[in-house]
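Going down the list, the sequences are from chains B and C.
Under the numbering used here, the first residue of the first sequence carries the number 1, and numbering increases by one thereafter.
Under the numbering used here, the first residue of the second sequence carries the number 1001, and numbering increases by one thereafter.
C-beta atoms are modelled at their ideal positions from N, C-alpha and C, and glycine is treated no differently.
Just so we're clear, the structure is a prediction, and the values are computed from it rather than from any experiment.
2 protein chains.
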Amino acid sequence: MSGKTDGRVRRSNSVQAAGEPSPKDLKLATFFPYRLAVLSFDVSQTISQLYADRFNLTRQEWRVLAALGENKHMSAAAIAEYSTLEKMQVSRAVSKLLKAGLIAREENIRDRRSHSLRLSDKGVAIYRKIVPLVLAREKFILSALSERERKEMDSIFAKLVNKTREMRKMG
Amino acid sequence: MSGKTDGRVRRSNSVQAAGEPSPKDLKLATFFPYRLAVLSFDVSQTISQLYADRFNLTRQEWRVLAALGENKHMSAAAIAEYSTLEKMQVSRAVSKLLKAGLIAREENIRDRRSHSLRLSDKGVAIYRKIVPLVLAREKFILSALSERERKEMDSIFAKLVNKTREMRKMG
DNA sequence: TATTGTTATACTCTATAACTATA
DNA sequence: TATAGTTATAGAGTATAACAATA
């Protein structure tokens, strides 16, 4: 299928009515937030296939696993912060992972509202199966870039993250 | 895919049990798909505020508006392709936008299964209010980068999009 | 009173597929 | 038979807030 519209002659690339001035162009195809969303969606799909299809995990559950794989012992709040998830998302992911036996929890003696969470042996086993798979895909995708470009991208990402955070603070 | 990412030699600060080898490190904070997802989410939030809060539009509805703002007349299928939405998403967005009076449709004489869609005057008015707002935010975020970095990023994005598409074709 | 984490609710989004009306 | 678009349905994800236990 081609990207054409309904077969009429294309007059201009933006809205115009009765000689009024048109707004500054917005082209979806070059609009940064759109391009970023599409790329991110495609990359996420490619990665989530690996843990969703084979291990029946959601993205949230995978993030919890990944956080605990890295840090061994964490409270729910620590996981939330570390993985950019809301506390309810963590709470639900944790309860499903507990049921599935992929994680375990122990009382936190110092604060009994909170629990220390960790991967179970089964969780560790699954974590170890998934990690090489997702790293291989990451590697494949990044193989599109040279070493120099990769460094450039890291630096660009950091700048964009900061600027976006700045914007969100401003409201 | 090359499954050679085993990393048996590496010992690290992540999961270790009973002297077994740990997998090659996965750090969420430096994992490309994760960083991309977080950045994309933050940027999307910043943009969607503008059309969600003030104009009560969903992301899908906004994309349909944007597509029609650019191309004036399109069929539902053309919008779907142009805006990376599924046909059902377009169908639902279109029916809400029709009800809200932001778009209009005409019969397509050559194929009566399909309709030609366009912005209504009201739709044009809203589109023209939104466009400067989102462009201003895009500009603000991109102001984090120099002209050189912006070009670099365009080129990096294109490469990543292609590579990801290649990967998805492979399954 | 404030905090950690859970639960309730209602809502939106998504994915699959069946369906209709044309072609 | 195939295509454009709609509708049905169920499941997943999200947002807000109320809540219990503990501090």
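Exclusion of the five residues before and after I79 of chain B leaves V64, A67, V90 as the residues of its chain whose Cβ lies within less than 6 Å of its Cβ. Taking 9 Å as the threshold, the shortest C-beta distance from Y1082 of chain C to chain B falls below it. Here G1101 of chain C is exposed. Its C-beta has fewer than 16 other C-beta atoms within 10 Å. For a cut-off of 8 Å, the C-beta gap from L85 of chain B to L1160 of chain C is around 25 Å, too long to register as a contact.
Restricting attention to C:S1155, C:L1145, C:A1144, C:S1146, the CA atom closest to the CA of E149 of chain B is found in C:S1155. Across the structure, A158 of chain B and T1164 of chain C are spaced so that their CA atoms are roughly 22 Å apart. Using a Cβ-Cβ distance cut-off of 8 Å, the stretch 32-52 of chain B and the stretch 106-117 of chain B are not in contact, since fewer than three pairs of beta carbons, one from each stretch, lie closer than that value. Here H1073 of chain C is buried: its Cβ has 16 or more other Cβ atoms, across all protein chains shown, within 10 Å. Taking C-alpha positions only, L1119 of chain C is separated from K1096 of chain C by approximately 13 Å.
In the DSSP assignment, L1039 of chain C falls outside any beta strand (DSSP E) and within the unbroken alpha helix (DSSP H) covering 1032-1055. L1085 of chain C sits in coil when the DSSP states are folded into three classes, being neither helix nor strand. Pairing S1075 of chain C with S1114 of chain C gives a Cβ-Cβ distance under 9 Å.
In the structure shown, the three-state DSSP call for L1145 of chain C is coil. Contact check for E61 of chain B against A93 of chain B passes: the beta carbons are separated by less than 9 Å. For R137 of chain B, the closest of C:Y1051, C:V1134, C:S1116, C:M1170 by C-alpha to C-alpha distance is C:M1170.
The Cβ atoms of L1026 of chain C and V134 of chain B sit closer than 9 Å to each other.
Against S116 of chain B, chain C offers no close residue; the least beta-carbon distance is about 15 Å (beta-carbon pairs closer than 7 Å). If you look at L1065 of chain C, you'll find it in the alpha helix (DSSP H) that goes 1059-1071.
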